[in-house]
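I have placed the structure first, in the form of structure tokens, so that the comments after it can refer back to it.
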Amino acid sequence: MIGGDGTIFQGRGWHTFSDHYSSYGRIEYGVAFLGESISQKMYLAFMYWIRCGSIGGMLPKTITEENIIARV
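Take the sequence shown: its letter number 41 is residue 77 in our numbering, and every next letter is one higher.
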């Protein structure tokens, strides 16, 4: 979850599978934005989360800011 002030709250963590794991596979992660709309701070926090996950090897290197924006 990402709060309106850009704070990132950890849920289950990178190594815990979700309830829908068997249906969709391991490459799916959920992110929730708290508030009525996505602020710049929330967006920047989300991009930071993506970069950290990619650098740390938890997300595929193919996930980039460009292809995230293309899907929104």
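Glycine included, C-beta positions come from ideal geometry on N, C-alpha and C. Only a predicted model underlies this, so the values are computations on that prediction, with no experimental measurement involved.
- In the three-state scheme derived from DSSP, where H, G and I count as helix and E and B as strand, I104 is classed as helix.
- Rounded to the nearest whole angstrom, the CA to CA distance from R87 to T100 is 8 Å.
- Within the model, the alpha-carbon separation for I91 versus E72 is close to 30 Å.
- Ranked by Cα distance from F45, the first of S75, T52 and F82 is F82.
- Residue range Q76 to I91 is occupied by the alpha helix (DSSP H) that includes S90.
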